[in-house]
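To start, the structure itself, in structure tokens.
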Amino acid sequence: MVVFSALSLPPPPSEEAEEPNPESDVIHTTEIVSSSLSLPPPPPEEPEEPNVIHTVEVNGETENGPIPEKRYYELVFDNSKQSQVKRTWILTRKQIHWRECEVIDERHDAIKVHYISYHSKFDEWIDKSSHRIRAMREHAQLQKGDNVSAWYPKLNQWREAEVEEVDAEKKRIRIAYVYTADVAYVPFSSSKISVIHKNPVCFVFFLHLQETQIHPAFFGVHRLILSMARWMNHTN
Numbered sequence: 001m002v003v004f005s006a007l008s009l010p011p012p013p014s015e016e017a018e019e020p021n022p023e024s025d026v027i028h029t030t031e032i033v034s035s036s037l038s039l040p041p042p043p044p045e046e047p048e049e050p051n052v053i054h055t056v057e058v059n060g061e062t063e064n065g066p067i068p069e070k071r072y073y074e075l076v077f078d079n080s081k082q083s084q085v086k087r088t089w090i091l092t093r094k095q096i097h098w099r100e101c102e103v104i105d106e107r108h109d110a111i112k113v114h115y116i117s118y119h120s121k122f123d124e125w126i127d128k129s130s131h132r133i134r135a136m137r138e139h140a141q142l143q144k145g146d147n148v149s150a151w152y153p154k155l156n157q158w159r160e161a162e163v164e165e166v167d168a169e170k171k172r173i174r175i176a177y178v179y180t181a182d183v184a185y186v187p188f189s190s191s192k193i194s195v196i197h198k199n200p201v202c203f204v205f206f207l208h209l210q211e212t213q214i215h216p217a218f219f220g221v222h223r224l225i226l227s228m229a230r231w232m233n234h235t236n
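Its first residue numbered 1, the sequence shown is counted upward by one per residue in the UniProt record's numbering.
Structure follows, in structure tokens:
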């Protein structure tokens, strides 16, 4: 048996580094063989958490892929129902106005909304990933034609109002109280205006009309007549 000493062996010759060959399609790999007895087993993988529908934010799966996490409604206390309700803002089908809606039903990929002050035949399902959904609207984002809640001092109650003008320079809006001839200028920061309704709309007569199948155009004509009446009062 021949024993080689590490001190008696000459150093190995230096190897020149090979230049990489870009034209070569060969990928050099090193095969490592290890004994299962000498290596500890890998730690067990934790199971992935399933998609959970949260109170306000949703993660879901659809055929087209995962829905991005999105805030699609606000929980608001409704005085008339003495309970919390889900409110949101929806961009109308004509992509013109944002309307406040109540979320009346929900599934993993969509919500069903009811347009406040409109007949239930206009209720619709909207995908949770839709750009038409906005959970909360700031006062500065309001535009002409929007419906808001405003404190009506004549009755000391919250009433529906329509935005007639947005003055970004003076940071205020001009509102017209629905079914009245009264208008008011309200600052953006005022506590007397809310983009979430505080109470159902106005008078018993009109509440009765909403339960019938009256077309929303009726209310539009009614508002037009009131606007003309206000204009005549200003000009006279």
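All C-beta atoms, glycine included, are put in the ideal place defined by N, C-alpha and C.
Out of Leu142, Val195, Val183, which has the shortest C-alpha to C-alpha gap to Pro153?
Here the question's residue 153 lines up with position 153 in the sequence shown. Closest option to Pro153, Cα to Cα, is Val183.
Do Val85 and Cys101 have their C-beta atoms within less than 8 Å of each other?
Within the sequence shown, residue 85 is the residue found at index 85, counting from 1. Within the sequence shown, residue 101 is the residue found at index 101, counting from 1. Not in contact: Val85 and Cys101 (Cβ atoms no closer than 8 Å).
Flag this pair as yes or no: are the beta carbons of Ile175 and Ala150 separated by less than 8 Å?
The residue given as residue 175 occupies position 175 in the sequence shown. The residue given as residue 150 occupies position 150 in the sequence shown. It is a contact, given that the beta carbons lie within the stated cut-off.
What is the residue span of the beta strand (DSSP E) that Lys112 lies within?
One-based indexing of the sequence shown puts residue 112 at position 112. Element bounds for Lys112: 110 to 115.
In chain order, what residues of the same chain have a beta carbon less than 7 Å from the beta carbon of Ser120, not counting five sequence neighbours either side?
The residue given as residue 120 occupies position 120 in the sequence shown. For Ser120, where only same-chain residues beyond five positions count, the Cβ hits under 7 Å are His114.
Is the beta carbon of Ile96 sitting closer than 8 Å to the one on Leu142?
By 1-based counting over the sequence shown, the position of residue 96 is 96. By 1-based counting over the sequence shown, the position of residue 142 is 142. No.
In the DSSP output, which residue or residues are listed as bridge partners for Lys86?
Sequence index remark: in the sequence shown, residue 86 carries index 86 (1-based). Answer is Leu75, bridged to Lys86.
Can you tell me the Cα-Cα spacing of Thr92 and Glu124, whole angstroms?
Translated into positions along the sequence shown, residue 92 becomes position 92. Translated into positions along the sequence shown, residue 124 becomes position 124. Going by the C-alpha atoms only, they are around 11 Å apart.
Looking at C-alpha atoms only, which residue of Asp127, Phe122, Lys94 is the closest neighbour of Tyr73?
Within the sequence shown, numbered from 1, the residue matching residue 73 stands at position 73. Closest by alpha carbon: Asp127.
Please report the distance separating the alpha-carbon of Val94 from that of Arg107.
Residue mapping note: residue 94 aligns to position 94 of the sequence shown, counting from 1. Residue mapping note: residue 107 aligns to position 107 of the sequence shown, counting from 1. Sequence check: residue 94 is Lys here, not Val. Going by the C-alpha atoms only, they are around 25 Å apart.
Which residues in the same chain as Val166 place their Cβ atom closer than 7 Å to its Cβ, once the five residues preceding and following it in sequence are excluded?
Residue numbering aside, residue 166 sits at position 166 when the sequence shown is read from its first letter. Counting only Cβ-Cβ distances below 7 Å, and skipping sequence neighbours, we find Leu142, Gln143, Lys144, Ile173.
Count the other CB atoms within 10 Å of the CB of Ala181; is the residue buried (16 or more) or exposed (fewer)?
The sequence position of residue 181 within the sequence shown is 181, counting from 1. Ala181 comes out exposed.
Please classify Asn147 as buried or exposed, where buried requires at least 16 neighbouring CB atoms within 10 angstroms.
What you label residue 147 is simply residue 147 of the sequence shown in a count that begins at 1. By the 10 Å Cβ count, Asn147 comes out buried.
Could you work out which residue in Ile104, Pro187, Leu75 is closest to Val163 when comparing CA atoms only?
The residue given as residue 163 occupies position 163 in the sequence shown. It is Pro187.
Roughly how many whole angstroms lie between the Cα atoms of Arg87 and Leu155?
Reading the sequence shown from its first residue, position 87 is the one you call residue 87. Reading the sequence shown from its first residue, position 155 is the one you call residue 155. Answer to the nearest angstrom: the Cα atoms are 25 Å apart.
Below 6 Å CB to CB, which residues in the same chain sit around Ser194 once its five sequence neighbours on both sides are set aside?
Stepping through the sequence shown from its first residue, residue 194 is reached at position 194. Hits under 6 Å: Ser149.
Between the Cα of Phe122 and the Cα atoms of Val178, Arg99, Ser189, which residue gives the shortest distance?
Stepping through the sequence shown from its first residue, residue 122 is reached at position 122. Out of Val178, Arg99, Ser189, Arg99 has the C-alpha closest to the C-alpha of Phe122.
Could you tell me the alpha carbon to alpha carbon distance between Arg129 and Asp109, rounded to whole angstroms?
Residue 129 sits at position 129 when you count from the first residue of the sequence shown. Residue 109 sits at position 109 when you count from the first residue of the sequence shown. First, the residue type needs correcting, since residue 129 is Ser and not Arg in the sequence shown. So the alpha carbons of these two residues sit roughly 8 Å apart.
Counting C-beta neighbours from all protein chains within 10 Å, is the total for Glu160 16 or more, i.e. buried, or is it exposed?
Here residue 160 refers to the residue found at position 160 of the sequence shown. It counts as buried.
Give the range of the beta strand (DSSP E) segment to which Tyr185 is assigned.
Start at 1 with the first residue of the sequence shown, and residue 185 comes out as number 185. Per DSSP, Tyr185 belongs to the beta strand (DSSP E) from 183 to 187.
Buried or exposed for Ile104, please, with buried defined as at least 16 other CB atoms from any protein chain shown within 10 angstroms of its CB.
Taking the sequence shown and counting its residues from 1, one reaches residue 104 at position 104. So Ile104 counts as exposed.
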